[in-house]
Amino acid sequence: MTALSRIRPAEPPGATAARVMICDDSLVIRAAIARILEADPAIQVVAKVANGRAAVEEIGRTPVDVVVLDIEMPILDGIAALPLLLRADPGVRIIMASTLTTRGAGIALRALRLGAADYLPKPSTIGTTGDDGFSRELLEKVKGLARQRRPAAQANRPRPGITLRPAPLAAPRLLAIGSSTGGPQALFTVVQGLGRTLGVPVVITQHMPATFTPILAEHITRLGCMACTEARDGEILVAGRIYLAPGDRHLLVDGGRSGLRVRLSSDPPENFCRPAVDPMLRSATAACEGRVLVAMLTGMGHDGLEGTRRVVEAGGCAIGQDEASSVVWGMPGAVAQAGLCHAVLPLPKIPLKLLDMLKGARA
């Protein structure tokens, strides 16, 4: 029996910490990432290896929930190692660690389509002051993905009952999607489920660096469904097309005689983010006179909460991703627990619900 066909070793009795393997050819980066992870008692670093081949060998003998996998390594790089790791342990969650470059972004997002669970842009220096954002994102993604991998080992936190709202009578003029941590994979699922044609335009704000957003738009288009582009200032929104907020710019929606139009803004970050979901939803509410359908997907924090409240109070509607299918139930959880959702659903069921809500809609 080869390493690629071994049964995953049984986890130690009572194990609850997220078990992580770090795979990076830099000893300094392996040590820095390990320090960040091991500072959290909910995480245990169980292996540190220097290349993809060593990672594949290690996963056959060590129980692992999440692999932080570098892309460029000697012997066997991250892209080559990815399918071998998934074959050795189909349930393992893999985070691709990429450089903040166009090439790094392209490879990381291609890895998502090949089965990686998420990506993480690496700053030029890790483990120094000023990388709090990287540390926070790393910890949230590792813990969220480990929870998805090992639901039985995680205590189900009791949630208060969620109050759902009735569907509005007016058909939406716009579909607005917000997402953050775990968002690219969620967006791929939703866009594929929506199909090739839609009676309204789609605007998306995904928290993502400027280097990554044009590559994400390309990858969404390559799904073979609706075309997606980075939104351009002043362009008219067309039904059946997807407009993605560019990194470091807020995507706003203006109304007028010629229809809905994009306006890009360099206003200060909101909820520590630019682009942010709240300004997109506030502007869309005004431009569409409340006829907005919101889909709030997985993400850290509560960006989108106040914007969704504005939409719903004006007569619009919101659908939220449920906790079990979210990497981090921050953004959708905030909206759901505020009683603003018409439905809170597992990710695979969201596209069909959105299509149902959009029946008969016209831009």
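Heads up, the sequence shown stops at 369 in the working numbering, and the numbers go up one at a time, no gaps. The beta-carbon is built from N, C-alpha and C at its ideal position, and this holds for glycine as well.
- The alpha-carbon of residue 269 is positioned some 17 Å away from that of residue 279.
- Listed in chain order, the non-local C-beta contacts of residue 40 below 7 Å within the same chain comprise 28, 51 and 54, local neighbours out to five positions each way being set aside.
- Leaving aside the five residues that flank residue 62 on each side, the residues in its chain whose CB is nearer than 7 Å to its CB run, in chain order, 9, 87, 90, 91 and 94.
- For residue 104, the three-state secondary structure derived from DSSP is strand.
- Counting along the chain, the unbroken alpha helix (DSSP H) around residue 190 starts and ends at 189-200.
- Taking 3 residues as the shortest admissible run, the segment 65-94 contains the following complete beta strand (DSSP E) segments, listed from N- to C-terminal end: 72-76.
- Contact check for residue 285 against residue 256 passes: the beta carbons are separated by less than 8 Å.
- In this model, residue 248 and residue 36 are separated by some 38 Å (Cα to Cα).
- DSSP, read as helix, strand or coil, puts residue 260 in strand.
- Beta bridge pairing from DSSP links residue 124 with 101.
- The beta carbon of residue 331 sits closer than 6 Å to those of 352 and 353, all from its chain and outside the five residues before and after it, given in chain order.
- Approximately 7 Å separates the beta-carbon atoms of residue 303 and residue 183; this is inside 8 Å, confirming the contact.
- Using a Cβ-Cβ distance cut-off of 8 Å, the segment 225-239 and the segment 122-131 are not in contact, since fewer than three pairs of beta carbons, one from each stretch, lie closer than that value.
- Here the C-alpha atom of residue 264 lies approximately 18 Å from the C-alpha atom of residue 296.
- Note on geometry: alpha-carbon atoms of residue 195 and residue 357 lie some 8 Å from one another.
- Annotation for residue 363: the continuous alpha helix (DSSP H) segment containing it runs 356-364.
- Per the Cβ contact rule, the segment 63-72 is not in contact with the segment 106-119 (fewer than 3 Cβ pairs under 8 Å).
- Residue 361 is positioned such that its CB atom lies no closer than 8 Å to that of residue 301.
- Among the bridge pairs identified by DSSP, residue 208 is matched with 181 and 248.
- By the neighbour-count criterion, in which a residue is buried when 16 or more other Cβ atoms sit within 10 angstroms of its Cβ, residue 259 is buried.
- Residue 299 carries a strand assignment under DSSP once its states are collapsed to helix, strand and coil.
- In this structure, the beta-carbon distance from residue 31 to residue 79 falls below 8 Å.
- Partner residues in the beta bridge of residue 235, as assigned by DSSP, are 249.
- A straight line joining the alpha-carbon of residue 338 with that of residue 320 spans about 19 Å.
- Taken through DSSP and simplified to helix, strand or coil, residue 63 comes out as helix.
- Going by C-alpha positions, residue 102 is about 34 Å away from residue 289.
- By the C-beta density criterion, residue 187 is buried, having at least 16 other C-beta atoms within 10 angstroms.
- Assignment of beta-bridge partners to residue 269 by DSSP yields 258.
- Here the alpha carbon of residue 224 sits roughly 20 Å from the alpha carbon of residue 206.
- Closest by C-alpha distance to residue 105, out of 116, 77, 57 and 277, is 77.
- Residue 59 and residue 74 have their C-alpha atoms roughly 14 Å apart.
- Within the DSSP secondary-structure output, residue 25 pairs in a beta bridge with 50.
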